[in-house]
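To start, the structure under review is shown below, and the notes come after it.
Protein chains: 2
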Amino acid sequence: MFLPELSLIEAAHQRIAPYLHRTPVLTSQSIDAVSGAEIFFKCENFQKIGAFKARGATNAILQLPEGTKAVATHSSGNHAQAVAYAAKSKGMQAYIVMPETAPKVKVKAVKGYGAEVIFCAPNQQAREDTLNKVVAKTGAAFVHPYDNKEVICGQASAAKELIEDTSTLDFVLAPVGGGGLLAGTALATHYLSKNTKVIAGEPEGADDAYRSLKAGEIIPSVNPNTIADGLLTSLGKLNFPIIQKLVQEIITVDDEAIKAAMRLIWERMKIIIEPSCAVPLAVVLQHQEKFAGKKIGIILTGGNVDLEKLPF
Amino acid sequence: MFLPELSLIEAAHQRIAPYLHRTPVLTSQSIDAVSGAEIFFKCENFQKIGAFKARGATNAILQLPEGTKAVATHSSGNHAQAVAYAAKSKGMQAYIVMPETAPKVKVKAVKGYGAEVIFCAPNQQAREDTLNKVVAKTGAAFVHPYDNKEVICGQASAAKELIEDTSTLDFVLAPVGGGGLLAGTALATHYLSKNTKVIAGEPEGADDAYRSLKAGEIIPSVNPNTIADGLLTSLGKLNFPIIQKLVQEIITVDDEAIKAAMRLIWERMKIIIEPSCAVPLAVVLQHQEKFAGKKIGIILTGGNVDLEKLPF
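Protein sequences appear in the order of chains A and B. Just so we're aligned, residue 917 is where the first sequence starts under this note's numbering, counting upward by one. Just so we're aligned, residue 917 is where the second sequence starts under this note's numbering, counting upward by one.
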């Protein structure tokens, strides 16, 4: 089992800091009043490339062997931009496999960093097959979106900063897709804030992590269907045991609850977040008895929405 | 001519501070790259009630005679919320005359502060007639949205903070509707940053301030038509001479340029701003030769958009 020491997380944080923002932690009296809790939002929507994924990808790419000329990955969007951004800052070529259904704004941004985009069908198998072909053809180093040690350690830096910038939290909540952010969040919280419980939010229409935790083994995501387009992937092999060991609970919410939480953040905080990162607030709003009066850290994962396809 | 001393602006700032946020000044490398300038955005979209108008209304209401029980105003939206908010925090009843066309989110917010809303036709005459009836009936104190000394001194505090939180700016840009913010901005800049030029942005479809400055007298706004729904009103009598004396130039932009600037801020900065406050950035983007390499402060006036009626 991969269970990195705190020193690995600290080293990752130090390594990536020059390339990234230390994002602000924001609060909203109005959302506190609605939720009955005291919420601290770690605003990774203000991160480079508009999402926390810049952390993991940058940490992974900075540790590739000297002389690596190209990197490749598959991603529905934010990891794609993250790899493209990190590759560009190291002067490498990036090849990005994206589903045809990826939001336009994300495709445009990836190309804006000078990466080459290769489209595929919107399912896990097509992504992996296409990626394998690209790697075989170009010799690029594959940077997995979440099932990767350096990526997990990089993502952990978001929760590390959140904990450093707040007083003791009762809960830290993050969404779960492949489990890179969740594993990193659980690790940082375990080492730096022992009494804080980590809970994940997951869309009902993509609840493979919830079912995996119940079953005690990874149950792949099959035909997921949710507005939270960043959370469609299955749990990673490295990620699952960390989540099993350090995450207290996974709570699911439906798309209506996700949309309502997203809208609440847009209207009350005047910040743009994507549907995937409204999931934890939706969890808090649907379980007020559990969270009433508690201090809660929520990682707002990203803000890359397609403005032509808003759910309002 | 009303030309308040610096001490009046300083007193207003001190008076309102306990009720309001000192909003952040944000920058965007990506928008700097697009514009060729170095821009400092004063984020009044994060202000109480989601707009700078909270400053002026709070300053005016805090100076009403002891024993005042009710206040009234007319406003297309943000001043309405501002008066409702300030009245509530002083335990007063607020009566707000709003055009039938006001964004739903603004009407809802005004009612949320416990104010009574009275609707009228969407023109200046109907607003004033309805307001007069309300004042006659209730005895409420009228707080004008912009043609009011305390309001002007309150709005000046936004530029005061912007200047305090940045190093010397070449330009400060603000939008102009009734001229409360612009007069306040010009006053604060005049006293606190002598070499900084103040320029206003105005929608082509509501260019009464541009024409008034050319003509040397107030030319009322007749049938204005622009997406910038906060800038429909005519210049105030107190505001005009201050603007004449201290504002270097008014530059107009069309609605397409306003929409493009709004979208750029949403996509690159991940913050929600309303169309009216995209006007100054639209000015900068359309006059790159004038602003290239300059340090520019822009007051982002508010973030209260109707999410069901977005221009994207």
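Idealized CB from N, CA, C, for every residue including glycine. The structure displayed is predicted, hence computed values, not measured ones.
With a Cβ-Cβ cutoff of 7 Å, do residue i and residue j count as a contact?
i, j, result
"B:Ile1188", "B:Leu1129", "no"
"B:Thr984", "B:Val999", "no"
"A:Lys1020", "A:Asp1222", "yes"
"A:Lys1186", "A:Glu954", "no"
"A:Gly952", "A:Gln1204", "yes"
"A:Phe1085", "A:Thr1112", "Looking at the sequence provided, one finds Leu at residue 1085 of chain A rather than Phe. Yes. Within cutoff."
"A:Gly1117", "A:Val1195", "yes"
"A:Cys1069", "A:Asn975", "yes"
"B:Ala1056", "B:Ala1031", "no"
"B:Asp1171", "B:Thr1142", "yes"
"A:Arg1043", "A:Val1092", "no"
"A:Leu942", "A:Ala970", "no"
"B:Val987", "B:Val1059", "yes"
"B:Lys958", "B:Ile1181", "no"
"A:Tyr1107", "A:Leu1226", "no"
"B:Phe956", "B:Thr1082", "yes"
"A:Thr1217", "A:Glu982", "no"
Would residue i pass as an interface residue toward chain B - the criterion being a Cβ-Cβ separation below 7 Å?
i, result
"A:Pro1097", "The identity of residue 1097 of chain A in the sequence shown is Leu, whereas the question assumes Pro. It does not; no Cβ of chain B falls within 7 Å."
"A:Gly1100", "no"
"A:Leu1216", "no"
"A:Ile925", "no"
"A:Gly1146", "no"
"A:Leu1201", "no"
"A:Leu1223", "yes"
Helix, strand or coil: how does DSSP classify residue i here?
i, result
"A:Leu1148", "coil"
"A:Lys958", "strand"
"B:Leu1207", "Looking at the sequence shown, residue 1207 of chain B is not Leu but Phe. Of the three classes helix, strand and coil, the one that applies to B:Phe1207 here is helix, per DSSP."
"A:Leu1047", "helix"
"A:Val1199", "helix"
"A:Pro1119", "strand"
"A:Val1169", "strand"
"A:Phe918", "coil"
"B:Ala1018", "coil"
"B:Val1156", "With the sequence shown as reference, residue 1156 of chain B is identified as Phe, and Val is not the correct amino acid for it. DSSP places B:Phe1156 in helix when its eight states are reduced to three."
"B:Ala1056", "coil"
"B:Lys1006", "coil"
"B:Leu1226", "coil"
"B:Ser923", "helix"
"B:Tyr1062", "coil"
"B:Thr1142", "coil"
"B:Val1163", "coil"
"A:Ile1181", "helix"
"A:Val950", "helix"
"B:Val1026", "helix"
"A:Gln1041", "helix"
Looking at chain A, is there any beta carbon in it that lies within less than 7 Å of the beta carbon of residue i?
i, result
"B:Glu1172", "no"
"B:Phe957", "no"
"B:Asn961", "yes"
"B:Ile1187", "yes"
"B:Gly1219", "yes"
"B:Glu1016", "no"
"B:Phe1228", "yes"
"B:Glu982", "no"
"B:Leu1180", "no"
"B:Leu936", "no"
"B:Glu954", "no"
Give me whichever residues DSSP pairs with residue i in a beta bridge.
i, result
"B:Ile1012", "B:Thr989 and B:Val1033"
"B:Phe1087", "B:Lys1113 and B:Ile1212"
"A:Ile1079", "Bridge partners of A:Ile1079: none, in fact."
"A:Ala967", "A:Gly1218"
"B:Val941", "B:Lys958"
"A:Ile1187", "B:Ile1187"
Assess contact between the stretch 1095-1104 of chain A and the stretch 1133-1143 of chain A, defined as three or more Cβ pairs (one per stretch) separated by less than 8 Å. Is contact present? no
Next on the checklist: If contact is defined by three or more beta carbon pairs under 8 Å, each pair taking one atom from either stretch, is the stretch 926-933 of chain B in contact with the stretch 1162-1176 of chain B?
Outcome noted: no
Evaluate contact between the stretch 1115-1125 of chain A and the stretch 1051-1069 of chain A, counting only Cβ atoms and requiring at least three cross-stretch pairs below 8 Å.
no
Item checked: the stretch 965-979 of chain A touching the stretch 1101-1110 of chain A, judged by at least three CB pairs closer than 8 Å -> no
ask   = For the stretch 1149-1158 of chain B against the stretch 1169-1181 of chain B, are there 3 or more C-beta pairs whose distance is under 8 Å?
value = no
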